[in-house]
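Be aware that the sequence shown starts at 1, since it is given in UniProt numbering, and climbs by one per residue. Ideal Cβ positions, reconstructed from N, Cα and C, are used throughout, including at glycine. This report concerns only the one structure given below.
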Amino acid sequence: MDGSNFNQIRPIFSIGQHDSDRDQPLDDLQYGQLLNAGVNFVTAPITNKHFHARVKDLVSQHLAKAKQNAVSLADAVVPPLTPKDTSLFPSHAVTTYIAYASPWIDLASTDPVVASVSRQVLNLEIAYANFCGVRSIIVPGPRRDASRDGGNQGIAQYGRAVLEAMNIASRLNFIIHVPMYREPGLEETVELLSTLSEEPHPEGGREIDIYSAWDSWHSVRTICEYNMRLF
Numbered sequence: 001m002d003g004s005n006f007n008q009i010r011p012i013f014s015i016g017q018h019d020s021d022r023d024q025p026l027d028d029l030q031y032g033q034l035l036n037a038g039v040n041f042v043t044a045p046i047t048n049k050h051f052h053a054r055v056k057d058l059v060s061q062h063l064a065k066a067k068q069n070a071v072s073l074a075d076a077v078v079p080p081l082t083p084k085d086t087s088l089f090p091s092h093a094v095t096t097y098i099a100y101a102s103p104w105i106d107l108a109s110t111d112p113v114v115a116s117v118s119r120q121v122l123n124l125e126i127a128y129a130n131f132c133g134v135r136s137i138i139v140p141g142p143r144r145d146a147s148r149d150g151g152n153q154g155i156a157q158y159g160r161a162v163l164e165a166m167n168i169a170s171r172l173n174f175i176i177h178v179p180m181y182r183e184p185g186l187e188e189t190v191e192l193l194s195t196l197s198e199e200p201h202p203e204g205g206r207e208i209d210i211y212s213a214w215d216s217w218h219s220v221r222t223i224c225e226y227n228m229r230l231f
């Protein structure tokens, strides 16, 4: 074997630990145990179930009023975070965390109420994580791709929401959580805010789609003008 091959540039992979059911950051002991086990990073949720319940109630009540009155209402406004809504606070260790935005938001929703509330939630969490000293944040990717099920409008909404969040937190790195390819049954089964609305929910594909996720990723990067803080 030619020894010169060892001098070639090789990709660097990082191994992380993410738990969708966890709604509070790990304590110092738990975090240290994972790092000692060889894990490079651990995700930390920004908000908890209390905040999720408050937002669900807000959306449900607003949709119910809109349906009963059949008139235009003022936009639903997400209230500021309270100490009960989060377990993430400024500390020496917080700079090593990879924050994870709420997985139940739906930035690409066709329902304007759900899309607006989801965008507000993301902006609140981004601003708070930035205040706490977090350096990187993972944003759940779109659940509907641009090349399938009429998802072009949704991807455009999603990309604009990410761009707005990047302008709010100019120091944060943004990591979009999308699969390498769409395979039925392997995606997270988190109940989205869009399940509260009456918008149609397209059926999941029955076949493996290799390229649709890449199309969506390319669209988001283009909308964000290939920002160097977007991964």
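C-alpha distance - residue i paired with residue j, whole-angstrom precision
i      : j      : result
Pro140 : Ile176 : 6 Å
Asp19  : Arg160 : 27 Å
Tyr181 : Arg143 : 12 Å
Ser194 : Ile9   : 44 Å
Met1   : Asn7   : Residue placement at Met1 cannot be trusted, given a pLDDT of 49 that sits under 50; what the coordinates show is reported in the next sentence. Going from the Cα of Met1 to the Cα of Asn7 covers about 13 Å.
Arg229 : Ala127 : 16 Å
Ser116 : Ala76  : 8 Å
Lys49  : Asp21  : 10 Å
Ile63  : Ile168 : The residue you asked about is not Ile; residue 63 is Leu in the sequence shown. Going by the C-alpha atoms only, they are around 28 Å apart.
Asn30  : Ala93  : Residue identity check: residue 30 is Gln in the sequence provided, not Asn. Distance between the alpha carbons of Gln30 and Ala93 is about 13 Å.
Pro83  : Ala74  : 27 Å
Asn69  : Glu183 : 42 Å
Glu125 : Pro11  : 31 Å
Thr85  : Thr47  : Going by the sequence as given, residue 85 is Asp instead of Thr. Taking the straight line from one Cα to the other gives about 6 Å.
Thr95  : Thr189 : 29 Å
Leu34  : Leu26  : 10 Å
Ala108 : Glu191 : 14 Å
Gly16  : Ala66  : 43 Å
Gln61  : Tyr100 : 27 Å
Pro80  : Gly133 : 19 Å
Pro179 : Ser118 : 21 Å
Asn123 : Ile210 : 31 Å
Gln153 : Phe51  : 28 Å
Arg135 : Gln24  : 18 Å
Expected contact under 8 Å - CB spacing of residue i and residue j to nearest Å
i           : j      : result
Tyr158      : Val220 : 6 Å
Ala37       : Tyr97  : With 8 Å as the limit, Ala37 and Tyr97 do not qualify as a contact, their Cβ atoms being about 17 Å apart.
Ile155      : Ser216 : 5 Å
Phe174      : Ile223 : At roughly 13 Å, the Cβ-Cβ gap does not stay under 8 Å, so Phe174 and Ile223 are not in contact.
residue 259 : Asn130 : With the chain covering only 1 through 231, there is no way to say anything about residue 259.
Val42       : Val78  : The pair is not a contact, with the Cβ atoms about 27 Å apart (cut-off 8 Å).
Asp111      : Ser197 : 4 Å
Endpoints, the beta strand (DSSP E) within which residue i is located
i      : result
Val42  : 41 to 45
Asn173 : 173 to 177
The alpha helix (DSSP H) enclosing residue i, as first and last residue numbers
i      : result
Tyr31  : 28 to 36
Ile210 : Segment: none, Ile210 is in no alpha helix (DSSP H) and carries neither H nor E.
Ala66  : 49 to 69
Chain B within 8 Å of residue i, Cβ atoms only
i      : result
Phe231 : In the structure shown, chain B does not exist; there is a single protein chain.
Distance cut-off 7 Å: residue i Cβ against heavy atoms of the ligand COA
i      : result
Glu198 : Among the components modelled here there is no ligand, and therefore nothing to report on the ligand COA.
Across the stretch 94 to 104 and the stretch 45 to 65, are there enough close Cβ pairs to call them in contact, namely three or more that are closer than 8 Å?
Touching, yes, given that three or more Cβ pairs across the two stretches are closer than 8 Å.
Under 8 Å, with one C-beta from each stretch per pair, do the stretch 160 to 170 and the stretch 81 to 94 reach the 3-pair mark?
The stretch 160 to 170 vs the stretch 81 to 94: no contact.
Any chance you could list the alpha helix (DSSP H) runs of at least 4 consecutive residues sitting entirely within the stretch 91 to 160, in chain order?
DSSP assignment within the stretch 91 to 160 yields the following whole alpha helix (DSSP H) runs of 4 residues or more, N-terminal first: 112 to 132.
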